[in-house]
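Working notes for the structure below.
Okay, structure coming up:
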């Protein structure tokens with residue numbers, strides 16, 4: 111019986127507050143203003159924040175993660191990593207590349223079916239003259 115009286119009091123208090131808030135034009139106008147401000151901020155941020163998955167800024171390096179099917183042996187992964195590393199090193203604008211088989215570049219754990227290649231590009235000025243910028 112005491113619980114029901116307390117519950118009724120809280121329900122009456124809550125409904126009276128909601129009635130005041132919904133019935134007040136000032137509250138409705140304030141909520142619409144907040145909503146309009148949030149929409150405006152969203153539109154502004156959508157125009158300002160970069161949308162690309164790959165950053166448009168040339169960092170001077172690339173990290174290549176290679177993943178073979180589950181259960182692939184370390185020797186098979188190493189062969190694929192070495193082949194990919196050779197292709198990367200022959201690419202114009204790449205200074206050097208370091209490859210690691212058996213290392214997951216995404217989770218930084220050991221995995222026989224994964225590998226990572228760290229490629230360092232030549233200085234930006236040299237690549238820009240030759241049209242080899244990562245942003246082109």
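In our numbering, the protein residues as written are 111 to 246.
For glycine and all other residues, C-beta sits at the position ideal for the given N, C-alpha and C.
If the five residues before and after residue 170 are omitted, its C-beta is found closer than 6 Å to the C-beta atoms of 231, all from its own chain and listed in chain order. In the structure shown, the three-state DSSP call for residue 209 is strand.
Contact holds between the stretch 225 to 239 and the stretch 191 to 203, because three or more Cβ pairs, one in each stretch, are under 8 Å apart. Here DSSP, grouped into helix, strand and coil, assigns residue 195 to helix. For residue 221, there is no enclosing alpha helix (DSSP H); the enclosing beta strand (DSSP E) covers residues 220 to 231. By the neighbour-count criterion, in which a residue is buried when 16 or more other Cβ atoms sit within 10 angstroms of its Cβ, residue 187 is buried.
Residue 157: member of the alpha helix (DSSP H) spanning 135 to 158, first to last residue.
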